[in-house]
Amino acid sequence: VSRTIGDVSETAEDMTPAVLAALPSLPEKKLQTLLNKLLDIGVESEEDLRFVRMVDLHDILTPLQCRKLLRTWRVEGMSRDSPGGIKTLYKSISHLPHTYKAHKQVKRKDFSWPDNFVVPWTRMPACITTAIALNDRPSPKSRREMVRILVDQMRLKDLNPTRANCIAVAKKIVREYPNSFADVLRDGTRIGSGYVSLVTQIKTRVEHVNRGNTLVRHRRPKRPPTAPVEDAAARTPEPPAEEAAVRAPETDALLRRKQREMKELFAAEGPAAAGRGQIGPLMEATYPLQRQAVDACPPPPVVDLRADWPYLFTPIGLYKHFQLLTGVGVLEKMEQAVAEKGKLIISFFQNKPDGADTVRIQDILRRFESSEESAFGPCAILLLMAYLDEEVEGLILEVLATAEEVEQALRLPDSPRLIVLGDMLTSRKWMLSMEGKVVVSPHPGFVAGVAALLTAYYAFNLAFQEGASCTLEFIQRCFLGLNPTHGTKVPSRKKKKDVHVSALLRRLRDFDWLFM
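Everything in the sequence shown is counted per the numbering used here, starting at 54 for the first residue and increasing by one.
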């Protein structure tokens, strides 16, 4: 998962007084951990502090400390918009001990080298300098040679550069030569932050040259096992202040009346009424009540949610909820991505790249090519799952039965499953199950089903199940352009899965530029 860091020394210098203004008694060790965390989540200036949220800091500070800190930053953020705002902030920490005041000077020494680091372009091979001059992309082999030279130069400053250091250097390179090094596909689609693959290559090289050298390792506190999992609601963008001020909030009674109106309509006409124009506005108006119901503690069973919000369990309702939650039109984005990137994925595997010419992959391609009715979307998903070594049953079930027969004949898992009717490569209808029940009745279009499946994880605060987390992460990153700064919602996911997804994205990008 990508993380960003800006001008590190300036950020550390600005953040220290900003933290201590709210928490003057914070132990220095915890202060250092907090500063590192803020750098990791992408704080690049003092003004960025007002956008930090409680979920970003819950693994370091207590809830009360988080509230104090966020309240101070938001108040100070408004004061900084006026002259003298910075003076007010620094004045508020004038009573702090000398050890804290000296902290920023110590951290400047620790963090300054990435800001002044000079990439040794003159030492790079001719193929790299030529590619840069022509605004072209270097070959993978040339890029690996560049990374080796780059890491050698970085280790003159720090024998074991941290990931934050690698991010700072990678950002500098991508910012200077985006046409040659940014993570973009040929159609212009930007993958994540645009520099994840370069960071991964640099950090992997650093770890390789430091293998076995325990003296230069950095130790960071592990995430406590009791830390709460980030949910979809935590990523909900806050509306602009101007928009919130103009939009008159509806009363709870009025929203409840609209909820009852939808329940009565569903009782009379069933899910078919979801296609009516009135359902969309009603779902949008009652969105706050939907989030309130989903976010309840303890979480309500799906059967109860479905009884209270029947149209939330229709494709139209799920898509509308997802758009309000993330700002992404999921169906349109998914259809466009599958049409463009689905063909790229299939072509990539048809080219038999190293490590991807397995029996399972070749069997999928053979089935796809043998039938004129095969669709790109299902084939691309099957190939992804095969390459990422995940079983299809961990995400998709193939059946020839009605919803009632499926519930009776199969022991459906609690985590979401896309149920396709018939052979997956040629299936035209799908259902969706959660908590052992079919919650979305048959609908046409495999791509629409994948969109509804991914939407369910976000809408109902569900973690990606371990057996399909890599595929789901790939879909949200490559197909939808969603790149959560805190990773996917799998709390126990191993780091190597991150590498597998990032490596596949990098290989697809290189294939797109070199062969398509």
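Glycine included, C-beta positions come from ideal geometry on N, C-alpha and C. The structure displayed is predicted, hence computed values, not measured ones.
Please report the residue range of the alpha helix (DSSP H) in which residue i lies.
i    : result
E260 : 249-262
E317 : 305-322
K90  : 81-93
L358 : 355-361
M199 : 193-207
R216 : 216-229
R420 : 412-423
K386 : 383-403
I181 : 179-186
S494 : It is not in any alpha helix (DSSP H) - S494 instead sits in the beta strand (DSSP E) that spans 490-497.
Q331 : First-last for Q331: undefined, no H or E at that position.
Q518 : Careful: Q518 lies outside any alpha helix (DSSP H) and carries neither H nor E.
W166 : 166-169
V347 : 340-347
Q376 : 368-379
C432 : 429-440
Identify which residue in the options has its Cα closest to the Cα of residue i.
i    : options                : result
E99  : R329, A71, T125        : A71
D361 : V200, F402, L308       : L308
V347 : A501, R176, N514       : N514
F401 : F499, T379, A390, Y440 : Y440
V452 : R216, T479, E426       : T479
F234 : I185, Y510, A392       : I185
R201 : P178, V459, D189, G447 : P178
R344 : L525, L378, G534       : L378
G323 : G330, P363, V391       : P363
A505 : R419, D407, E385       : E385
A409 : L238, M438, S427       : M438
D168 : K210, P191, Q118       : K210
T339 : A306, R216, I94, V259  : A306
E260 : R419, V391, S246, D205 : D205
L187 : W166, S165, P231, V172 : P231
M387 : L535, D357, T175       : L535
S522 : Q461, V459, L448       : L448
R120 : D101, L76, P193        : L76
A258 : L474, E425, T304, L203 : Note that residue 258 is Arg in the sequence shown, not Ala. Selected option, being the one with the closest Cα: L203.
A327 : Y372, S246, T304, C350 : Y372
V172 : L117, L342, E229       : E229
E526 : E458, I244, S423, E446 : I244
L342 : E426, T304, S195       : T304
T215 : D189, R197, S165       : S165
P469 : T455, A454, V445       : V445
Is the distance from the Cβ of residue i to the Cβ of residue j below 8 Å?
i    : j    : result
G430 : V503 : yes
M484 : L435 : no
A433 : I472 : no
L558 : R530 : yes
M170 : M207 : What sits at residue 170 in the sequence shown is Phe, not Met. Yes, these two residues count as a Cβ contact at 8 Å.
N213 : N263 : yes
L114 : L87  : yes
K83  : L110 : no
V355 : K482 : no
R103 : W126 : yes
M487 : A509 : yes
G520 : E443 : yes
V249 : S555 : yes
V227 : R359 : no
D563 : R239 : no
M68  : V108 : no
F532 : A321 : no
Taking the beta strand (DSSP E) that residue i falls in, what are its first and last residues?
i    : result
H111 : No beta strand (DSSP E) holds H111; DSSP gives it neither H nor E.
I449 : 449-452
M484 : 482-487
V459 : Unbroken run through V459 is the alpha helix (DSSP H), 456-462; no beta strand (DSSP E).
R470 : 470-474
Would you mind giving the Cβ-Cβ distance between residue i and residue j, rounded to the nearest angstrom? I have them listed as a contact below 8 Å.
i    : j    : result
I528 : L507 : 6 Å
F375 : A501 : In fact, because the Cβ distance is near 13 Å, the residues do not count as touching under 8 Å.
W576 : T183 : Because the chain is modelled from 54 through 569, residue 576 falls outside the range shown and cannot be assessed.
C180 : P191 : 6 Å
Indicate whether at least one CB of chain D lies closer than 8 Å to the CB of residue i.
i    : result
M387 : Absence of chain D from the displayed structure is noted, only one protein chain being present.
Do three or more CB pairs link the segment 412-422 to the segment 465-473 at distances below 8 Å? no
Should the segment 246-264 be regarded as contacting the segment 223-238, the criterion being three or more beta carbon pairs within less than 8 Å? yes
Contact between the segment 307-322 and the segment 333-341: three or more CB pairs below 8 Å? yes
Cβ contact (3+ pairs, closer than 8 Å) linking the segment 488-504 and the segment 357-372: yes
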